[in-house]
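One structure is given here, and the rest of the page talks about it.
Spelled out as structure tokens, the structure:
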């Protein structure tokens, strides 16, 4: 019996040795490296096959330049981000598409944001894209006696109601001490502006680019006056619905990284950036944009300038509302976490 026990003991010993050798073979460093390489390859392939998706509401204007440049320079591709464009003729319509859930993210001037947020719409602001005081103007006929802003009293001016251009007109009238009821506002859609001016149905139009350029090109250079006010600065803002912050968090983070790179590119290569925008917008006569280009500041920011502009426009809108409405806390509508993760120094909002 003792021999049988010893034999069993030997068998068990050999079995343990074999299991130990097998285990060592399974976890050998070479096999681990191969396994890691395969997993890395699979992950890379998955990223290539499944980029993050965004539907972008595009007002098709120079204020969206950083988006066009990021696309042209391959920054979206570098971020494994696929952007699908929905085209609009105004930022207001673009943001309405975002609010309707037809687009994930969009760009507009600050005014549609101030208006929508006053109404309690669930928008959030990711950052500015550019700022300028050249985006809006009154283009007026000189044969109607309009040489400067002081001549607007008693005139018929085409406006698109509840837009930044109407706010700009009100700012201009206030600076000239002209009562608002001394100017007749003629409501027009943006695409109706230039034709109405040419037909003489209005004495001037308060509008934005590219309609400003279109109006200037319909007349000889000495037939119109282009009036601007230093009291108004236009900002283009990147915005989303509140729910999209969580639903598309990774895609939005990649978008901001690409746009910050686009800002760096503009600062280093202004002329090349201009050509990208001209080509994207298919501008047949780019001279006007070339003239304005040095004055356009392309900056991805969240700062107090933004909050000040929103508050001023919010007060103007609230006073005109029926019934009057309280001005919202616009700072609470900012979503700074995306820009803070890329360039924290670009977030300078203070109480």
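In our numbering, the protein residues as written are 150 to 500. Virtual Cβ for every residue (Gly too), placed ideally from N, Cα, C.
- Counting only runs of at least 4 residues, the region 209–291 fully encloses the following alpha helix (DSSP H) elements, listed from N- to C-terminal order: 214–221, 224–227, 240–248, 259–267.
- Where residue 353 is concerned, the enclosing beta strand (DSSP E) starts and stops at 353–357.
- Your pair residue 256 and residue 207 checks out as a contact, with CB atoms roughly 7 angstroms apart and the cut at 8 angstroms.
- Between the alpha carbons of residue 335 and residue 293 lies a distance of about 16 angstroms.
- Note that the C-beta distance between residue 340 and residue 482 is not below 8 angstroms.
- Taken atom to atom, the span from the alpha-carbon of residue 230 to that of residue 401 is near 9 angstroms.
- With respect to residue 385, residue 279 sits close: the two C-beta atoms are nearer than 8 angstroms.
- Apart from the 5 residues on each side of it in sequence, residue 479 sits with its Cβ closer than 7 angstroms to the Cβ of 266, 456, 459, 460, 463 in its chain, given in chain order.
- Cβ atoms of residue 388 and residue 272 come within 8 angstroms of each other, at about 5 angstroms.
- The shortest C-alpha to C-alpha distance from residue 497 to any of 470, 449, 472 is the one to 449.
- In the structure shown, residue 304 adopts coil according to DSSP, grouped into three states.
- Residue 233 sits exposed, since fewer than 16 C-beta atoms from the chains shown fall within 10 Å of its C-beta.
- Residue 337 carries a coil assignment under DSSP once its states are collapsed to helix, strand and coil.
- Residue 207: member of the beta strand (DSSP E) spanning 201–207, first to last residue.
- The criterion of a C-beta distance shorter than 8 angstroms is satisfied by residue 361 and residue 288.
- The three-state secondary structure of residue 312, taken from DSSP, is coil.
- Our two residues, residue 408 and residue 493, have alpha carbons roughly 14 angstroms apart in a direct line.
- Taken atom to atom, the span from the alpha-carbon of residue 357 to that of residue 210 is near 10 angstroms.
- Bridge pairing for residue 319: absent [DSSP].
- For residue 447, the three-state secondary structure derived from DSSP is strand.
- Contact annotation: residue 378 and residue 329 have beta-carbon atoms that are not nearer than 8 angstroms.
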